[in-house]
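For the sequence shown, this note's numbering assigns the number 1 to the initial residue and increments by one for each residue that follows. Even glycine gets a Cβ: it sits at the ideal position worked out from N, Cα and C. Computed from a predicted structure; not experimentally measured. Shown next, in structure tokens, is the structure this report addresses.
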Amino acid sequence: MSRLELIKEEIAGIAEYMPGKSIGDITRKYGLDPGSVIKLGSNENPLGPSPEAVNALIKHAQQSNIYPSANAYELVEALVDYTGFPAANIAASGPGMDGLIDGLVRLVIERRDEVILPTPTFSYYEIAARANGAVPVFVKRDKDFILDVEAIKQANSAHTKVIFLCSPNNPSGNVVTKKDVRSIAESTRGLVFVDEAYVEFADANLAELVRDYDNLIVGRTLSKAFGLAGLRIGYGIMPEWLKTEYMRAATPFNVSSAAIAAGVGAISDSLHLKKSIELVRNGRIYLKEHIPFKVYDSQANFVLVDIAPLKSRDVCEKLLQKGIIVRDCTSFRDAGESLIRVSVGTQEQNARVVKGFEEVKS
1 MSRLELIKEE
11 IAGIAEYMPG
21 KSIGDITRKY
31 GLDPGSVIKL
41 GSNENPLGPS
51 PEAVNALIKH
61 AQQSNIYPSA
71 NAYELVEALV
81 DYTGFPAANI
91 AASGPGMDGL
101 IDGLVRLVIE
111 RRDEVILPTP
121 TFSYYEIAAR
131 ANGAVPVFVK
141 RDKDFILDVE
151 AIKQANSAHT
161 KVIFLCSPNN
171 PSGNVVTKKD
181 VRSIAESTRG
191 LVFVDEAYVE
201 FADANLAELV
211 RDYDNLIVGR
221 TLSKAFGLAG
231 LRIGYGIMPE
241 WLKTEYMRAA
251 TPFNVSSAAI
261 AAGVGAISDS
271 LHLKKSIELV
281 RNGRIYLKEH
291 IPFKVYDSQA
301 NFVLVDIAPL
311 KSRDVCEKLL
321 QKGIIVRDCT
331 SFRDAGESLI
341 RVSVGTQEQN
351 ARVVKGFEEV
361 KS
């Protein structure tokens, strides 16, 4: 008997998650000086974490022998002030928002249940769903990546347990309207999960709708605007009944004490958050105006570039050789072969990536 027979059959259908390339990957492959490589492929905060978060992290390092609070109540209390929702509606999660997704899927999915995924979008929704035995139902967005709300409602069935919506969407950067979320939430008996990982960079958020719908969850993260990607901190805003059930299925101590301390510190530093948001909003404008290809409007900390008739794989390879890491979007289901996602960096980094695209096009 092959040991592979021990693995659940659902796992065989999962495509491995493809993260953005690291600086180490590129320096080893091309023999580049690590200091010459810029990483604009993973939507990280180019300003780094808040000094308040770093100081809190250092201070709590000596307490690493002690388990954190089981429900990360210290972080939840900080999030109460930040979001305006009571603690009964907020669950902290780790690792990152992915941990929240895993916990919710584990809570509600039984084998052969369905989840609806508007594509292209963040691929981990599909991974989590398949790993728990769900059948993904794909609904393609239009040419401008707008949701096809009627198609989503038609795809909804008695077997639908979760509908995943990403706003701003990864990799396109556009948002979902409140009208569309209301329409979808009212059309299904399942849960509607709205991923707001990039919401701090957007003009509006959808969290207030949680007060109106008992099947709506908003997931968020401290990885992007708060600059704590390496600590993997997420949280969910959800109806009180769902938090009670979620905590039954959540992994114990899933947010480390170091992450809790850093998260509280980061949330307290409104000035650093403001600087991070302003950097991104100004950088988006610069990239859209100067990249010599079609650039889609974005409300996230990245822009999506269509380099057709060139192929994204070829262009990304040429940029990597120049020490510029961006994201080839061919791994996103239904994204095609000409899309590249570019994280907003510092002004110097943005200018360099623009120059890289100019050289590729010439």
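Own chain partners of residue i with C-beta closer than 6 Å, once the 5 adjacent residues on each side are dropped
i              : result
leucine 216    : Ala185, Val192, Leu209, Val210
valine 360     : Val315, Lys318
glycine 356    : Leu319, Lys322, Ile324
histidine 159  : Asp113, Glu114
isoleucine 280 : One point to set straight first is that residue 280 is valine, not isoleucine, in the sequence displayed. The answer, listed in chain order, is Phe201, Asn301, Val344.
serine 268     : Glu52
isoleucine 11  : none
Start-to-end residues for the beta strand (DSSP E) that takes in residue i
i              : result
isoleucine 340 : 339–343
glycine 41     : Element bounds for glycine 41: n/a, residue is neither H nor E.
glutamate 114  : 114–119
threonine 166  : In the sequence as displayed, the identity of residue 166 is cysteine instead of threonine. 160–166 is the span of the beta strand (DSSP E), which, as asked, contains cysteine 166.
aspartate 81   : No beta strand (DSSP E) contains aspartate 81, which is instead part of the alpha helix (DSSP H) from 73–83.
valine 135     : 135–140
arginine 333   : Looking at the DSSP string, arginine 333 is not in any beta strand (DSSP E), and its letter there is neither H nor E.
threonine 221  : 216–221
Beta-carbon proximity of residue i to residue j, cut-off 9 Å
i              : j              : result
serine 256     : glycine 94     : yes
glutamate 52   : glycine 234    : no
valine 54      : alanine 351    : no
isoleucine 285 : valine 342     : no
serine 338     : aspartate 297  : no
glycine 103    : isoleucine 325 : no
proline 136    : valine 115     : yes
alanine 134    : lysine 153     : no
isoleucine 90  : valine 76      : yes
isoleucine 23  : glutamine 349  : no
proline 171    : alanine 61     : no
cysteine 166   : threonine 121  : yes
asparagine 71  : alanine 92     : yes
Residue i to residue j span [Cα, whole Å]
i                 : j              : result
leucine 206       : glutamate 200  : 12 Å
alanine 249       : alanine 129    : 16 Å
isoleucine 277    : threonine 346  : 12 Å
leucine 242       : aspartate 203  : 28 Å
asparagine 132    : alanine 197    : 23 Å
aspartate 81      : isoleucine 237 : 13 Å
asparagine 301    : proline 46     : 10 Å
methionine 247    : leucine 6      : 29 Å
lysine 274        : serine 50      : 11 Å
lysine 21         : glycine 219    : 25 Å
asparagine 254    : methionine 97  : 11 Å
glutamate 126     : threonine 244  : 25 Å
tyrosine 73       : lysine 178     : 30 Å
glycine 173       : valine 108     : 29 Å
arginine 106      : leucine 100    : 10 Å
leucine 299       : proline 168    : With the sequence shown as reference, residue 299 is identified as glutamine, and leucine is not the correct amino acid for it. Rounded to whole angstroms, glutamine 299 to proline 168 spans 6 Å at the Cα level.
glutamate 289     : valine 354     : 10 Å
glycine 283       : aspartate 144  : 21 Å
glycine 35        : glycine 13     : 39 Å
lysine 59         : alanine 78     : 18 Å
glutamate 358     : valine 295     : 14 Å
phenylalanine 293 : glycine 84     : 41 Å
serine 64         : threonine 251  : 19 Å
glutamate 150     : leucine 231    : 38 Å
8 Å CB neighbourhood of residue i in its chain, flanking five on each side removed
i             : result
serine 123    : Ala15, Tyr17, Met18, Ser331, Phe332, Arg333
glutamate 44  : Ser223, Lys224, Gly227, Ala229, Ser343
aspartate 148 : Pro118, Val139, Lys140, Arg141, Asp142
aspartate 146 : Looking at the sequence shown, residue 146 is not aspartate but isoleucine. Result list for isoleucine 146: Asn174, in chain order.
Limits of the unbroken alpha helix (DSSP H) element including residue i
i            : result
valine 192   : Note, valine 192: premise wrong, no alpha helix (DSSP H); beta strand (DSSP E) at 191–195.
valine 176   : Looking at the DSSP string, valine 176 is not in any alpha helix (DSSP H), and its letter there is neither H nor E.
arginine 248 : 240–249
Other residues of its chain near residue i: CB distance less than 7 Å, five sequence neighbours each side excluded
i             : result
leucine 271   : none
glycine 48    : Gly227
leucine 57    : Ala258, Ala261, Ala262
aspartate 328 : Ser312, Arg313, Cys316, Ile340
leucine 32    : Ile26, Gly323
proline 68    : Phe253, Val255, Ser256, Ser257, Ile260
alanine 155   : Ile116, Val137, Val139
glutamate 240 : Ala88, Asn89
8 Å contact criterion, which residue i and residue j should meet: CB distance rounded
i                 : j             : result
phenylalanine 164 : aspartate 195 : 7 Å
C-beta neighbour in chain D for residue i, strict 9 Å
i            : result
tyrosine 286 : No chain D appears in this structure, which consists of one protein chain only.
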